[in-house]
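> My questions all concern the structure below.
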Amino acid sequence: MLTSRHLSKIDFIPSSIKQAIAALKKPYDGRPDGIPPSFLKYGSREFPLFCLKLFDLSMEYGTYQSVWKTSLISPRFKTGSRSDTINYRPI
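When we follow numbering that gives the first Met the number 0, the leftmost residue of the sequence shown carries the number 0, and every step to the right adds one.
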């Protein structure tokens, strides 16, 4: 549960950024930032370090790219009646 409207300090480390990039799924064009996962996965080996610097600066100054505040959500059917909205989960 969210107990504060403020983010506490988050320490990003290159290995966790590399792990997150490696876990990206197949490319698709429905991303708000328009950057395909393949660019992140197969681009420069230095890319996680660029991300690290960007994330650290964002935390330090408390400013974030507006696209980071946007998400695209698609309803995915679980089970039961397809006409009941409770039977869908957001993806």
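Even for Gly, the Cβ is constructed at its ideal location relative to N, Cα and C.
No experiment lies behind these values; they were computed from the predicted model shown.
Considering F76, what are the terminal residues of the beta strand (DSSP E) in which it resides?
On the sequence shown, residue 76 is found 77 positions in, with the first residue counted as 1. Note, F76: beta strand (DSSP E), P74 to F76.
> Spell out the partners DSSP gives Y87 in its beta bridges.
The sequence position of residue 87 within the sequence shown is 88, counting from 1. In the DSSP output, where bridge partners are listed per residue, Y87 has F76.
> CA-CA distance, I85 and T62?
Here residue 85 refers to the residue found at position 86 of the sequence shown. Here residue 62 refers to the residue found at position 63 of the sequence shown. The straight-line gap from Cα to Cα measures roughly 35 angstroms.
> Taking 8 angstroms as the cut-off, does the stretch 51-59 touch the stretch 70-87 (at least 3 CB pairs, one atom from each stretch)?
Taking 8 angstroms as the limit for Cβ pairs, the verdict is that the stretch 51-59 does not touch the stretch 70-87.
> What residues in its chain sit with their C-beta under 8 angstroms from that of K40, if we drop five residues either side in the sequence?
Here residue 40 refers to the residue found at position 41 of the sequence shown. So the qualifying residues of the chain are I20, A21 and L23.
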